[in-house]
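Residue numbering for the first sequence follows our numbering, beginning at 121 and increasing consecutively.
Quick reminder that beta carbons are idealized off the backbone N, C-alpha and C, glycines included.
The structure presented is a predicted model; accordingly, all values stated were derived computationally and were not measured.
The structure under discussion appears below in the form of structure tokens.
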Amino acid sequence: MDILKELNEQQQLAVKATEGPVMVIAGAGSGKTRVLTYRIAYLLSKGVEPFHILSLTFTNKAAKEMKERIQELFGDQDARNVWMGTFHAIFARILRVDGHHLGFPSTFTIYDTDDSKNLIKHILKELNLDVKVYQPGAVLSRISLAKNNLFSAAEYAENDEFKEYDLAAQKPHIAKIFQIYQARLFKASAMDFDDLLFYTNVLLRDHPDCLLKYQQKFKYILVDEYQDTNFSQYTILKRLAANNENICVVGDDAQSIYGFRGANIENIFNFRRDYPDHQVFKLEQNYRSTQNILNAANCVIKNNRDQIKKTLWTGNDAGPVIHVLKASSDTEEGVLVAHSIFEQKMNHQLPNSGFVILYRTNAQSRSLEDALRKLNIPYRIYGGLSFYRRKEIKDLLAYFRVTVNPHDQESLLRIINYPARGIGQTSLERIQVAADEANLSLWEGLHDLDAIGAGINSGIKAKISDFTTKIKSYQIQVKHKSAYDLAYHITNNSGLLRELREDETPEGVSRAENIEELLNAVSDFTNTPSISEDGEIIPVSQKMRTLDEFLSEVSLLTDMDKEEGEEEQDKVTLMTIHAAKGLEFPHVYVTGLEENLFPSYMSMGTRAELEEERRLFYVAITRAKERLTLAYAETRYRWGNLTMCQPSRFIDEIDAEFVDQPSKVMHTPQNLRKVTPKERKGPTTGSNSLNSGPTESVDMQEIEKIQAGMEVEHARFGKGKVITVEGAGASKKATVDFPGTGEKQLLLRFARLKITGN
DNA sequence: AAATAGCGCTTTTTT
DNA sequence: AGCGCTATTT
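Shown next, in the form of structure tokens:
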């Protein structure tokens with residue numbers, strides 16, 4: 121077959137060894153993706169059906185790119201039918217089909233990290249535990265650790281090691297929280313990220329028929345970035361491959377950078393143990409980088425004790441030496457990097473897209489962005505506040521989620537009073553407690569307010585009923601309307617868009633634009649044909665794409681996966697090193713190379729942690745094809761105050777012969793300015809408090825007079841018309857329609873309405 | 001009920 | 001320094 125000619129000897133061997141267990145140790149830039157791609161193409165050319173191939177990647181983006189490359193080598197059809205995606209995406213898909221064995225509907229919701237943290241917060245409140253002691257993020261990572269090692273909540277509670285650790289950390293109730301957390305998720309028909317893998321394990325463990333089905337389906341299994349799999353993923357692979365053992369894992373221990381979230385390099389050694397007959401292929405020729413860059417990388421990685429020996433070499437030119445930029449401040453670091461990019465661009469007529477700026481933490485992007493903006497260098501930033509984590513997006517998605525799965529309590533709580541519709545916290549808490557006692561979900565409770573004795577007055581009941589009716593009207597349409605049509609309807613009908621349009625600040629406008637962008641994504645989705653279980657492509661004309669299908673895809677997407685617009689092409693890229701894994705750029709800038717930042721102060725406690733930081737630096741270096749620049753600052757603002765910084769030890773680990781001298785500190789006017797303590801924003805003494813006088817007594821008689829139909833005036837909203845009035849005395853409330861502002865609910869005791877007409 | 005002021009936390013990385 | 005959450009105010 122022709123395509124093999126494009127591979128070197130080792131690569132060819134790795135591609136052709138299709139039967140039995142295979143491990144490929146692939147150094148950075150050695151054509152790892154190429155081997156995977158060609159291996160799939162080779163299997164297809166041998167007549168293997170595409171839907172018998174399972175290819176697991178680390179990111180959606182990697183899956184997408186690999187699919188495109190196979191499509192180039194092959195016909196459109198075949199490539200699309202290969203099961204290719206992240207562990208999470210693939211097994212979410214499987215759980216939608218077979219999760220009913222475990223009691224989950226196919227419409228189950230996937231909670232992201234924010235959802236999980238919110239749920240934990242709610243549980244803490246109910247248990248009367250201190251949020252400061254039981255920080256939701258920390259609790260979640262304990263739960264995550266357990267699940268990634270296949271401990272259920274019950275098993276966690278029984279386990280001495282967990283028990284002792286939590287006791288020592290003064291958090292004895294984590295096991296309890298874990299149990300309630302899992303129960304709540306189940307009740308809400310929801311899974312978090314770790315559950316997708318955990319429950320897949322349960323399914324394959326407890327349902328032999330399912331196990332057999334998927335063993336027969338996935339005759340060939342390929343795994344990318346194997347060094348970053350965790351125990352839960354490892355076990356899934358072991359189960360699926362148990363029958364025919366046609367499993368090929370590709371990885372590089374030197375690029376393992378996800379230990380902090382449970383990834384386990386041990387899996388490489390486990391593989392050797394589990395499949396004694398396995399073949400190993402080492403890819404050691406680097407095609408990506410210059411000799412200088414590769415030499416620098418080798419210098420760094422040899423300081424790690426834990427590694428599989430390999431000698432990475434390249435036939436490429438020596439290339440320029442590594443440049444080091446020394447800046448006096450973080451601001452100047454940005455300026456130096458931006459100027460360097462500008463200079464390179466001008467001298468060599470390079471496109472922006474050839475440059476990437478890498479950093480350890482997202483917070484570092486600001487000074488870099490500022491500098492690029494000043495030089496009018498267009499840039500694109502990945503990560504940070506993800507699109508899908510923005511408030512307005514989460515709000516709208518919550519409407520979608522409740523429509524598809526009303527038991528999803530976190531989403532329901534998010535929207536039940538947004539936009540405000542007079543269902544307050546007090547009422548909600550009462551209903552929640554009552555529903556819980558009756559063992560009903562909140563959504564069920566909303567329908568049986570009297571039966572569960574929630575003690576809600578009729579005014580609020582009517583509002584709740586309005587709300588549930590509205591949601592039900594959406595639910596009826598899920599199967600009859602396209603995803604886009606329904607999404608569009610919900611966006612307008614829910615009042616969410618109206619709420620955003622009222623806000624004319626730049627932020628408000630941007631929020632409305634984000635909503636529009638989400639609707640565009642739904643529209644794209646609606647026009648994308650679906651693929652049946654055995655790989656058949658079903659055109660949109662035959663099977664309409666619906667909102668529940670959209671949701672099942674969107675919950676696993678990240679910013680990296682967003683379609684690039686036409687004008688987005690030629691931009692400098694900014695991202696964290698983690699996000700850059702698997703990518704390459706001609707010109708790479710690694711910034712913030714300072715002790716305590718990189719390596720991070722969080723990861724210097726143990727040798728294992730430090731070595732992971734070093735691998736991270738190795739990954740950063742090996743992204744570069746032609747030119748590598750390292751930058752550090754002598755001072756940096758962190759947590760809002762100025763700190764002194766030492767250059768990172770990692771810089772010294774590179775032999776001097778591959779590095780040039782640090783550039784002189786450039787003295788721009790801004791960093792000559794003396795750094796003085798921030799001037800106080802205003803006088804702090806002698807503040808004559810205006811609001812400490814006796815509160816004006818409220819004229820209760822005036823309040824009693826207010827009735828529906830009256831014209832009133834409000835200090836802020838201006839003139840309006842009273843629509844309804846409810847309650848009496850101090851708790852008397854009115855709904856008032858203010859032209860231009862819309863309907864508002866006001867507690868009359870505070871609102872100080874003036875009656876201007878009847 | 002809705003708006004505002006103030007407090008405290010964040011900054012490790014992501015599916 | 002900036003943000004989100006809580007407590008307070010209106």
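DSSP, read as helix, strand or coil, puts HIS443 in strand. Shortest Cα-Cα distance from ALA571 to any of PHE587, LYS590, LYS583, ILE551 involves ILE551.
In this model, PHE389 and ASP312 are separated by some 29 Å (Cα to Cα).
Checking the DSSP bridge columns, you'll see ILE501 partnered with LEU694. Excluding residues up to 5 positions away in sequence, VAL135, GLY151, ARG154, VAL155, TYR158 lie with their Cβ nearer than 8 Å to the Cβ of LEU127 in the same chain. Shown here, ASN366 sits in coil according to DSSP, grouped into three states, outside any helix or strand. Each residue's CA atom was taken as its position, placing ARG534 and ALA308 some 14 Å apart.
As a beta-bridge residue in DSSP terms, ARG747 pairs with HIS707. When rounded, the separation of the alpha-carbon atoms in ASP218 and ASP232 is 21 Å. Taking 8 Å as the upper bound for CB-CB distance, ALA700 and LEU478 are in contact here, some 6 Å apart. Contact check for ASN268 and GLY382: beta-carbon distance about 4 Å, within the 8 Å limit, so the pair qualifies. Each of ILE297, MET724, GLY439 was checked against the Cα of ASP780, and the nearest Cα belongs to GLY439. Taking 8 Å as the cut-off, the beta carbon of PHE298 is found closer than this to the beta carbon of ALA273. Counting of Cβ neighbours within 10 angstroms places VAL400 among the exposed residues, the total staying below 16.
DSSP, read as helix, strand or coil, puts PHE338 in coil. Per DSSP, THR755 is one residue of the beta strand (DSSP E) stretching across 755–758. In terms of Cβ geometry, ILE774 and ALA416 form a close pair [threshold 8 Å]. The residues VAL259, ARG262, ASP286, in chain order, have a CB closer than 7 Å to that of ILE294 in the same chain once the five nearest residues on each side in sequence are set aside. Taking 8 Å as the cut-off, the Cβ atoms of PRO767 and LEU713 count as close. Under the rule that a run must span 4 or more residues, the alpha helix (DSSP H) segments found entirely inside the segment 234–289 read 256–268, 273–278, 280–288. Around the beta carbon of TYR378, a 10 Å sphere encloses 16 or more other beta carbons of the protein chains shown; the residue is thus reported as buried.
Ranked by how close their Cα comes to the Cα of VAL441, the residues ALA776, GLY829, ILE875 have ALA776 in first place. A straight-line Cα-Cα distance of about 27 Å links THR589 and GLY223. Scanning its chain for C-beta atoms nearer than 6 Å, with the 5 sequence neighbours on each side dropped, one finds around GLN597 the residues LEU606, in chain order. The residues ARG534, ILE535, TYR538, LEU616, in chain order, have a CB closer than 8 Å to that of ASP515 in the same chain once the five nearest residues on each side in sequence are set aside.
Following the DSSP letters along the chain, one finds THR589 inside the alpha helix (DSSP H) bounded by residues 578–597.
About 5 Å separates the CB atoms of LYS839 and GLU833; that is less than 8 Å, so the two are in contact.
For ASN482, no beta strand (DSSP E) run applies, since DSSP gives it neither H nor E. For GLY205, the enclosing beta strand (DSSP E) has its first and last residue at 203–206. In the structure shown, SER643 adopts helical secondary structure according to DSSP, grouped into three states. Note on the segment 406–432: whole alpha helix (DSSP H) runs with a minimum of 4 residues are 411–421, in chain order.
From the listed residues ALA483, THR138, LEU357, VAL369, the smallest Cα separation to GLY760 is found for ALA483. Among the bridge pairs identified by DSSP, MET764 is matched with THR755. Exclusion of the five residues before and after TYR608 leaves LEU639 as the residues of its chain whose Cβ lies within less than 7 Å of its Cβ.
Comparing alpha-carbon positions, the option among GLY474, LYS494, SER487, SER614 lying closest to ARG541 turns out to be SER614.
ALA641 is positioned such that its CB atom lies no closer than 8 Å to that of LEU403.
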